[in-house]
Amino acid sequence: MPLPATTTLHDIITTLDDSLALAEINDSNATQSSLLFSSQEKMCKYVLVVIDSEKLAIPIEGLAEIGPMPPITSLPNLPGWIHGIINQRGEIISVIDMNNLFTNNPSAGKVKNKIAVLYNSTMKIGIGIDQVTATLSRPDSDCVSLTEGTLNSTEPRVFYRGLRMGTDLYQILEPAAFLGMDRLMHYYLPE
Numbered sequence: 000m001p002l003p004a005t006t007t008l009h010d011i012i013t014t015l016d017d018s019l020a021l022a023e024i025n026d027s028n029a030t031q032s033s034l035l036f037s038s039q040e041k042m043c044k045y046v047l048v049v050i051d052s053e054k055l056a057i058p059i060e061g062l063a064e065i066g067p068m069p070p071i072t073s074l075p076n077l078p079g080w081i082h083g084i085i086n087q088r089g090e091i092i093s094v095i096d097m098n099n100l101f102t103n104n105p106s107a108g109k110v111k112n113k114i115a116v117l118y119n120s121t122m123k124i125g126i127g128i129d130q131v132t133a134t135l136s137r138p139d140s141d142c143v144s145l146t147e148g149t150l151n152s153t154e155p156r157v158f159y160r161g162l163r164m165g166t167d168l169y170q171i172l173e174p175a176a177f178l179g180m181d182r183l184m185h186y187y188l189p190e
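Numbering-wise (numbering that gives the first Met the number 0), the sequence shown opens with residue 0 and increments by one.
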């Protein structure tokens, strides 16, 4: 089945998942498969990334893309947590230093080698990442509540859940809450 013209990674993956689910239903007893499919818990898709010492899980539904970091244009008089802007296929996107934004501890001015672009209906923001470790699907019941940690204590609306992967805890970055943060929307320029 050809993919429709889509604009986001979430749309592409959802289309593929729907096609696979449809093929599975057609290959087996339709009644049994549809009952099983409708009773399963909804799966959430995540990309697991590392930023400095933090391990994050980013829901694919709020992720526009991940790729190599393009050249960044610095702008004067911006807060230290904004590296600058990039031109990504004709769109101007701000690139931020997550470590500096949440902990006021700059990454020594070092720009990451990869970028994850988060989006909502009105804006896109790029965050520098060090490494993509995996992509996975997990039901909501696999998520644990976060009650401690640097990011949770700084922005509990953005980092209130996590995923355990073996001995590692990946904090789930909630894209809608992140993009709605006051610090991203209303910051004061130095005088």
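Ideal Cβ placement from N, Cα and C applies to all residues, glycine included.
Query	Result
Which term fits K109, buried or exposed, when burial requires 16 or more other beta carbons within 10 angstroms of its beta carbon?	exposed
Output the boundary residues of the beta strand (DSSP E) element that contains D167.	D167 to I171
Measure the Cβ-Cβ separation of P69 and I124 and say whether it is below 9 Å.	no
Within 10 angstroms of its Cβ, does E40 collect 16 or more other Cβ (buried), or is it exposed?	exposed
Which residues in the same chain have their Cβ closer than 7 Å to the Cβ of L34, if we skip the five residues on either side of it in sequence?	Any reading at L34 is ruled out, since the residue's pLDDT is 46, under 50, leaving its predicted position unreliable.
When you compare only the Cα positions, how much space is there between A176 and G127?	18 Å
If contacts are defined as beta-carbon pairs under 8 Å, then I81 and I91 qualify, I think. What distance do you get, rounded to the angstrom?	Between I91 and I81 the Cβ distance is about 13 Å, and since that is not below 8 Å, they are no contact.
CA-CA distance, T7 and G61?	9 Å
Please classify L47: does DSSP put it in a helix, a strand, or coil?	strand
Under 8 Å by Cβ, that's how I've got N119 and P174 pegged, so tell me the actual separation to the nearest angstrom.	7 Å
State the Cα-Cα distance for the pair V49 and L168, rounded to the nearest angstrom.	11 Å
Please report how far the alpha carbon of Q170 lies from the alpha carbon of G161, in whole angstroms.	4 Å
Confirm, please, whether the CB-CB distance from L172 to L135 is below 9 Å.	no
Take the Cβ of D181 as the centre, count every other Cβ of all protein chains shown within 10 Å, and call the residue buried at 16 or more, exposed below.	exposed
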